[in-house]
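Its first residue numbered 3, the sequence shown is counted upward by one per residue in the working numbering. The beta carbon of each residue, even a glycine, is placed where N, CA and C say it ideally should be. All figures in this text were calculated on a predicted structure; none of them were measured in a lab.
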Amino acid sequence: MSAKETIKNGHKLAAINIPEKSPKRKSFLRLLLSRKTLTFLRIISLVVIAGIIYLQRDRILQALGQSLSIGWWFFFLFPLFSLWNWVAVNGWRQLISATPRNSIPSKTRLFMVRIEAQALNFVLPLASLGGEVLKSTLTATDEGLKSSVPPVVLDKIATFVSEVIFVLTGIALFIIIFPVKRHSLFICAVLALAILAILLSWQKIFKFISRIYVFSNNSSVSKVITMLALRKEFRPSLYKAIGWHFLERILMAMELFVIARVLGIPLGLTEVLFASGLTAGFSLLLFFMPGQLGAFEGGLVYAFSLLGLSPTLGLTVALIRRGRQLVTCGLGLFLLFVLEKNTNKRKRTMEKK
């Protein structure tokens with residue numbers, strides 16, 4: 003079925019012709035996200051990170067020792083992790099419900115798939131696209147990927163927009179409430195302008211993601227994604243998804259608040275939102291790093307220094323968060339390679355019967 007027929011029968015939306023770009027011409031965004039460019043950026047970043055680790059090895063060892071002082075409180079981070087992922091699932095399911103398909107997965111199923119996808123993103127250097135491919139595959143219906151790819155890609159866009167809003171909110175709070183030095187204000191302004199530039203070019207980024215993401219160059223699915231995003235009837239669902247993911251970002255910031263409280267670090271809610279917003283900005287700009295390696299650590303160290311706190315404390319909090327990530331990554335990989343495998347075996351057995 004063509005893209006026009008899918009839209010007409012599923013949502014009764016008018017088809018929009020999307021001109022394909024000439025393969026000979028490459029935009030700046032396409033060149034920036036090319037495999038060679040991303041590989042080069044990863045190598046340079048890893049070299050820089052290795053150099054920083056060597057030069058700051060004493061401070062890193064000190065932060066590692068301090069991170070162990072969290073003790074049993076470490077396990078209280080996992081209910082919070084589950085909560086913000088459950089909130090994010092609501093945003094994803096909102097988009098699934100608004101797209102044409104013959105069945106909608108349960109929230110529990112989407113929650114498990116999301117955990118598995120996060121684990122895959124943590125270990126694969128695919129700019130967070132590996133997990134999205136997995137999400138599309140595991141939530142596909144009998145109609146194939148054309149039923150699962152659109153909501154996954156649109157959810158990625160909603161997540162991106164909510165992160166940009168969160169970053170700008172955190173930086174704005176810092177500039178308005180706290181007295182800042184000139185160099186601090188300059189760096190925050192540069193970061194805010196960079197994020198704002200990304201936000202203003204969201205349509206180009208959206209079209210690019212919808213093209214490179216769809217499997218086997220399936221242009222019909224890519225057109226369905228773009229048509230849905232541009233229709234007024236679909237926008238309320240997209241806005242609700244952005245709202246859910248913004249709430250997710252706030253709950254993620256609360257993890258930093260809990261860790262700081264346990265360690266006795268004097269951080270209020272405003273400081274937490276700023277530190278989380280700044281680190282989210284670093285993560286957006288270093289999207290090409292697997293597991294956002296160095297982004298959260300560097301962002302949190304810099305945020306703590308701007309707040310007049312010891313950078314070592316920022317690194318301590320970052321290492322605790324990394325520890326939680328490693329545990330949840332292991333859980334996600336277990337769900338993916340053990341439970342999913344057993345589930346597929348049971349399905350094949352039932353089909354044979």
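Contacts around residue i, its chain only, beta-carbon distance under 6 Å, and the 5 residues preceding and following it disregarded
i, result
"Phe-336", "none"
"Leu-140", "Val-115"
"Leu-338", "Glu-118"
"Val-169", "Ile-197, Gly-279, Ala-282 and Gly-283"
"Leu-43", "Phe-290"
"Cys-331", "Ala-121 and Phe-124"
"Val-163", "Ile-244"
"Arg-27", "Annotation note: pLDDT 48 at Arg-27 (below 50); position unreliable, coordinate value reported separately. Result list for Arg-27: empty, nothing under 6 Å."
"His-309", "Correcting the residue type first, residue 309 is Leu in the shown sequence and not His. Excluding sequence neighbours, Leu-309 sits near Glu-273."
"Ile-177", "none"
Rounded straight-line distance, which links the Cα of residue j to that of residue i
i, j, result
"Val-274", "Leu-287", "20 Å"
"Trp-74", "Met-254", "20 Å"
"Leu-31", "Thr-161", "Note on Leu-31: pLDDT 48, under 50, position unreliable in the model; the coordinate value appears next. Going from the Cα of Leu-31 to the Cα of Thr-161 covers about 19 Å."
"Ala-277", "Gly-133", "26 Å"
"Ile-267", "Glu-257", "13 Å"
"Phe-78", "Ala-142", "34 Å"
"Tyr-304", "Ser-71", "22 Å"
"Phe-76", "Val-264", "9 Å"
"Trp-88", "Ser-138", "18 Å"
"Ser-24", "Glu-145", "Low local confidence applies: a pLDDT of 44 at Ser-24 is under 50, so the model's placement there is unreliable, with the coordinate-based value given in what follows. Each residue's Cα considered, the two are about 30 Å apart."
"Leu-136", "Phe-180", "43 Å"
"Val-49", "Thr-318", "22 Å"
"Pro-153", "Ile-167", "21 Å"
"Thr-41", "Lys-158", "22 Å"
"Lys-242", "Phe-236", "10 Å"
"Ile-54", "Pro-238", "45 Å"
"Phe-259", "Ile-45", "33 Å"
"Gln-68", "Arg-61", "11 Å"
"Val-340", "Thr-110", "17 Å"
"Leu-126", "Arg-59", "26 Å"
"Phe-173", "Gly-301", "Per the sequence presented here, residue 173 reads as Ile, with Phe not at that position. Ile-173 and Gly-301: Cα-Cα distance of roughly 12 Å."
"Leu-57", "Leu-85", "38 Å"
Contacts around residue i, its chain only, beta-carbon distance under 8 Å, and the 5 residues preceding and following it disregarded
i, result
"Thr-171", "Leu-275 and Gly-279"
"Arg-326", "Phe-76, Leu-79, Phe-80, Phe-83 and Glu-257"
Extent of the continuous alpha helix (DSSP H) run through residue i
i, result
"Lys-109", "109-125"
"Met-291", "Where Met-291 is concerned, there is no enclosing alpha helix (DSSP H), given that its DSSP letter is neither H nor E."
"Val-329", "313-336"
"Gly-300", "297-308"
"Phe-248", "237-265"
"Phe-80", "79-99"
"Pro-153", "151-179"
"Asp-60", "59-69"
Member of the options whose CA lies at the smallest distance from the CA of residue i
i, options, result
"Glu-165", "Gly-283, Val-155 and Gly-310", "Gly-283"
"Gln-64", "Ala-160, Pro-268, Ser-312 and Met-291", "Ser-312"
"Leu-328", "Pro-268, Leu-295 and Arg-237", "Leu-295"
"Ile-51", "Gln-96, Leu-309, Glu-257 and Ala-297", "Ala-297"
"Gly-272", "Ala-243, Phe-306 and Leu-147", "Correcting the residue identity first, residue 272 is Thr in this sequence and not Gly. Thr-272 has its Cα closest to that of Phe-306, out of Ala-243, Phe-306 and Leu-147."
"Leu-66", "Ser-138, Ser-84, Glu-299 and Leu-333", "Glu-299"
"Phe-83", "Ile-62, Leu-341 and Gly-334", "Gly-334"
"Leu-156", "Asn-87, Gln-96 and Leu-112", "Gln-96"
"Ile-261", "Leu-136, Leu-315 and Gly-310", "Leu-315"
"Ser-47", "Ala-174, Arg-61, Ala-100 and Ser-285", "Ser-285"
"Ser-150", "Ile-167, Ala-174 and Leu-112", "Leu-112"
"Leu-240", "Ser-99, Ile-173 and Ala-174", "Ser-99"
"Leu-175", "Thr-110, Gly-270 and Leu-126", "Gly-270"
Interface flag, residue i vs chain D, CB-CB below 8 Å
i, result
"Leu-57", "The chain inventory of the structure shown lacks chain D, comprising one protein chain alone."
7 Å Cβ shell around residue i - same chain, five flanking residues per side excluded
i, result
"Leu-195", "none"
Say whether the stretch 95-111 touches the stretch 322-335, bearing in mind that this needs 3 or more beta-carbon pairs closer than 8 Å, one atom from each stretch. no
Do the stretch 77-92 and the stretch 243-250 make contact, defined as three or more Cβ pairs closer than 8 Å? yes
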